[in-house]
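Heads up, the thing below is written out as structure tokens.
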Amino acid sequence: MSVRDVEAAALDWVWTHRDRFALGDDALAADGQVNRTWKPLGELTQVCASVSRCTPPGDPLHTRVSELLDFAWQQTHRGELFPLMQSLEPFATYPLEVYAAFASAGLRHPGYEASAAVLTRTRGWRLTEQYPTRRLGVLEAERRSGIDPHGDVPQALDRTWLGGLPEPWTFERAAGYALTHVVFHLTDWGRAPGGVPARLAGYLLHWLPPWLDTCLDARMWDLSCELLAVAASLPRPPEGAVLEDPWQRVAAAQAGSGAIPEEGAAQDAAGADPGPDPYDFTDCYHSTLMAAFAAALTTAATAPPPKMRHAAQHAGQGAPG
1 MSVRDVEAAA LDWVWTHRDR FALGDDALAA DGQVNRTWKP LGELTQVCAS
51 VSRCTPPGDP LHTRVSELLD FAWQQTHRGE LFPLMQSLEP FATYPLEVYA
101 AFASAGLRHP GYEASAAVLT RTRGWRLTEQ YPTRRLGVLE AERRSGIDPH
151 GDVPQALDRT WLGGLPEPWT FERAAGYALT HVVFHLTDWG RAPGGVPARL
201 AGYLLHWLPP WLDTCLDARM WDLSCELLAV AASLPRPPEG AVLEDPWQRV
251 AAAQAGSGAI PEEGAAQDAA GADPGPDPYD FTDCYHSTLM AAFAAALTTA
301 ATAPPPKMRH AAQHAGQGAP G
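In full-length UniProt numbering, the protein residues as written are 1 to 321.
Next comes the structure, spelled out in structure tokens:
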């Protein structure tokens, strides 16, 4: 099974279950659970925006993610919900973070951007206490939304786990998710590999393979897919042979439906798929999105430049007889 096959199957599952990403009546409720409403929609949007950018327009997968982006934008009433969210929770950062994913795909609401720009200039916004990785993400969300970042990216980076170049043996689950998101923020979710400073790129190139192997052995598929996305986002990705086995292991964990569980054994690993939905949505939607994201970045990172592809088409044809 190829990396492309993993991506296509994952996106098929997402398309089939797109209604599960829809915003319900509780999306604007005071007691609503953001992690069950806006978070999945934002993650869907970001992954589709990234896949769209690194997939040729004529590719069926490009069409699929474009349709998913349109579906997600409609859920926000074409951006009209963002000003309302801001009025309900002025200093919550998640509305801007979700909006930034849409903005990266060219889906914008000028009115919201104008009001958010005023809010982000306040002392209350600048002084909101956040984990370092989240702070970096907010700065990048501001930039992607056309707003001047309220802080310094290098300074925020230095306060993150990855930015401090920690002892490699201190890697664990929380550190893993933190480092992947640092790279995502620095590279605009895989769009700009040059955004990773050389000192971090060298560190990751050396230690990413053993960390990835550890996560795969623990059957942590969600984090493994995020690490694969990081590998494809580096200025110089690891050699193809280094990632060949990890991708085969991820493919083996993918159910026939295209879903990949966040962790644990695949339910159909020993035989036939037990049904169209072997996992609960909340137990597999993020890891399935991450598989599609990582696969798209990997395919783009390993593809030869256009001129080389053109030459390859004519290689071996020989002179006319």
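Heads up, the beta-carbon is just placed ideally off N, CA and C, and yes, glycines get one too. Predicted, not measured: the structure shown is a model, and the values here were computed from it.
Given residue i as reference, the closest of the options once Cα atoms are compared
i      : options                       : result
Pro197 : Thr187, His206, Pro210        : Thr187
Thr180 : Arg53, Trp169, Tyr279, Leu136 : Leu136
Phe281 : Thr16, Glu7, Ala294           : Thr16
Arg249 : Asp283, Ser233, Thr214        : Thr214
Met1   : Phe102, Leu297, Ala253        : Ala253
Pro168 : Leu208, Arg134, Ala178        : Leu208
His62  : Glu80, Ala8, Phe184           : Ala8
Own chain residues within Cβ distance below 6 Å of residue i, not counting five before or after
i      : result
Ala269 : Caution applies to Ala269, whose pLDDT of 46 falls short of 50 and renders its modelled position unreliable; the value that the coordinates give is listed next. Result list for Ala269: empty, nothing under 6 Å.
Ala251 : Met1, Val6
Gly163 : Leu157
Thr45  : Ala72, Ala101, Phe102
Pro57  : none
Residue i, buried or exposed, once every other Cβ within 10 Å from all chains shown has been counted against 16
i      : result
Val118 : exposed
Phe91  : exposed
Pro132 : buried
His206 : exposed
Trp161 : buried
Thr302 : exposed
Pro60  : exposed
Leu200 : buried
Leu204 : buried
Pro154 : exposed
Arg126 : exposed
Residues near residue i in its chain [Cβ-Cβ closer than 7 Å; skip 5 each side]
i      : result
Met290 : Asp222, Cys225, Glu226, Ala229
Asp12  : Gly258
Val183 : Val196, Val230, Ser233
CB of residue i within 8 Å of CB of residue j, strictly
i           : j      : result
Tyr285      : Arg121 : no
residue 327 : Thr288 : Residue 327 lies beyond the residue range present for the chain, which begins at 1 and ends at 321; the question has no answer from this structure.
Leu23       : Cys48  : no
Ala100      : Ala141 : yes
Trp73       : Leu28  : no
Ser50       : Ala296 : yes
Tyr112      : Pro149 : no
Pro278      : Ala292 : no
Residues near residue i in its chain [Cβ-Cβ closer than 8 Å; skip 5 each side]
i      : result
Thr37  : Leu23, Gly24, Asp26, Ala27
Thr128 : Phe91, Thr93
With a cut-off of 8 Å, do at least 3 Cβ pairs link the stretch 89 to 105 to the stretch 139 to 156?
yes
Count the CB pairs spanning the stretch 229 to 242 and the stretch 257 to 266 that are closer than 8 Å, and state whether there are at least three.
no
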